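Numbering (our numbering), first residue to last: 162 to 311. Heads up, the thing below is written out as structure tokens.
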């Protein structure tokens, strides 16, 4: 893998996941390595993750607001300059195709795309919907899984 990663110096890489925190948990180390290689990194989340469960007191903030703020904090610490959170329907990506065209546009000109493996790791329907969509695109895809990159 080291040899392959080193070939990504100065390349355009899109790291794309359905929810804020997916990118950091699954690819945070890879993002840092790619930044050290001066790769042009963009990180995108499709939803704000507002339909998840909250186990802390939000102090008047919605879960979507909390997860957005956590995303921005993590992205800043990782050193990523290009990022975006879309507001597609959390928990319903498999039931709509409204996100397909804008994401297809983001994929253009990328040397590499990084996302979930075919299981979505946790089996979450949004994870799987994104993975299925990416597998239908003419891209080079690295899929992250608990065992590494596949």
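By construction, the Cβ of each residue, glycine as well, lies at the ideal position given by its N, Cα and C atoms. Model, not experiment: these values are computed from the prediction.
For residue 263, same chain residues with a beta-carbon under 8 angstroms away, outside a window of 5 residues either side, are 247 in chain order. Excluding sequence positions up to five before and after residue 254, its CB lies within less than 8 angstroms of the CB of 179, 207, 208, 260, 286, 287, 290, 291, all in the same chain and listed in chain order. Annotation for residue 267: 175, 205 place their beta carbon closer than 7 angstroms to its own, counting only its chain and skipping 5 residues before and after. Across the structure, residue 265 and residue 172 are spaced so that their CA atoms are roughly 19 angstroms apart. Considering only 167, 269, 194, the residue with the shortest C-alpha distance to residue 298 is 269. Between the alpha carbons of residue 222 and residue 165 lies a gap of roughly 42 angstroms.
Residue 170 and residue 280 have their C-alpha atoms spaced approximately 29 angstroms apart. DSSP places residue 290 in the uninterrupted alpha helix (DSSP H) bounded by 286-296.
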